[in-house]
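Residue numbers (our numbering): 721 to 917.
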Amino acid sequence: MKPNDKKPIIKEQPATYDDYAQLPDDGKRYELADGVLELMTPAPTPKHQVIVTNISTLLSNTCQSEYILFVSPIDLILSNTEVRQPDLVMIHRSRMDIITRRGIEGIPDLVVEVISPHSVKRDKQNKLRTYAAYRIPEYWIVDPAHESLEQYVLSEADNRYELDTVYDREETVQSDRLPWVSFTMAQVVDPAAGLPG
């Protein structure tokens, strides 16, 4: 190496929100997980998209006077090194101050992930731990293949999620924290029947 040649700069610290925000627009979606950029691929399937839309509509129909609902992509900025993009995020209107130009900067009342074969580990393990660590009170995992919804509620005693209920297609989804919630998984998945995904 010649004396005037510069060595490449190696970034040893974790990636931050600023690094994440400066990524070039390459048409791909990323999350920042504990300072590590993770590519979210492949893009959601048509079935996944219809299911997310159906849940959003059902929640909006009963909760919009009290809550604001966001559908991905939106940045949920939990810390400078933790930025996630849940499929759905719900925030009580009394806490709208956490909604900024950058995204959601704080703890929402509910996050929802619709799993697919490539996201099972991320949603059922990694995000489960992350959302609990940041004290998100309620987390739903929707499984289109089994037409079910797993409802996790944060235990205040140890900052861990407890599986409160697993709803099948005919049971009415309800929440002690979100009393306006009332729908069945049949309402969510039936309009997506026959779609690839």
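Idealized CB from N, CA, C, for every residue including glycine.
For clarity, every value in this text was computed on a predicted model and none was experimentally measured.
What residues in its chain sit with their C-beta under 6 Å from that of residue i, if we drop five residues either side in the sequence?
i	result
L830	M810 and E858
E825	I797 and I818
Y787	M810 and H812
L779	L789
Y707	In this structure the chain extends from 721 to 917, so residue 707 is not present and cannot be described.
M816	none
Excluding the 5 residues flanking residue i on each side, which residues of the same chain have their C-beta closer than 8 Å to its C-beta?
i	result
Q733	G755
D889	First, the amino acid is wrong: residue 889 is Arg here, not Asp. Counting only Cβ-Cβ distances below 8 Å, and skipping sequence neighbours, we find E867, S868, T904, M905, A906 and V909.
K844	I835 and I861
R855	I827, L874 and N879
L743	Y750 and L757
A735	L752, G755, V756, L757 and T801
Below 8 Å between beta carbons: does that hold for residue i and residue j?
i	j	result
M905	Y887	yes
L757	K748	no
C919	L898	No statement about residue 919 is possible, as the shown extent of the chain runs from 721 to 917 and does not include it.
P762	H838	yes
Q871	T885	yes
Leaving out five residues before and five after residue i in sequence, what residues of the same chain have Cβ atoms less than 7 Å from its Cβ?
i	result
Q894	V901 and S902
P793	R749 and Q805
L915	P766, K767 and V770
Y851	V831 and Y859
V834	H768, I771, V772, D807, V862 and P864
R822	D795 and I797
D746	none
Report back the beta-carbon spacing between residue i and residue j to the nearest angstrom; my notes put them in contact at under 8 Å.
i	j	result
L796	P828	7 Å
H768	S875	In fact, because the Cβ distance is near 29 Å, the residues do not count as touching under 8 Å.
N879	A913	No, N879 and A913 are not in contact; Cβ-Cβ is about 38 Å, not under 8 Å.
Between residue i and the ligand COA, is there a pair consisting of the residue's CB and a ligand heavy atom that are separated by less than 7 Å?
i	result
V840	Judged by which ligands are present, the structure shown has none, so any question about the ligand COA falls away.
Could you tell me whether the region 747–756 touches the region 793–803, using the rule of 3 or more Cβ pairs below 8 Å?
yes
When you compare the region 765–778 with the region 853–873, are there three or more beta-carbon pairs, one atom per stretch, that lie closer than 8 Å?
yes
Contained beta strand (DSSP E) runs [length at least 3] in the region 836–917, N- to C-terminal order
858–863, 868–875 and 880–887
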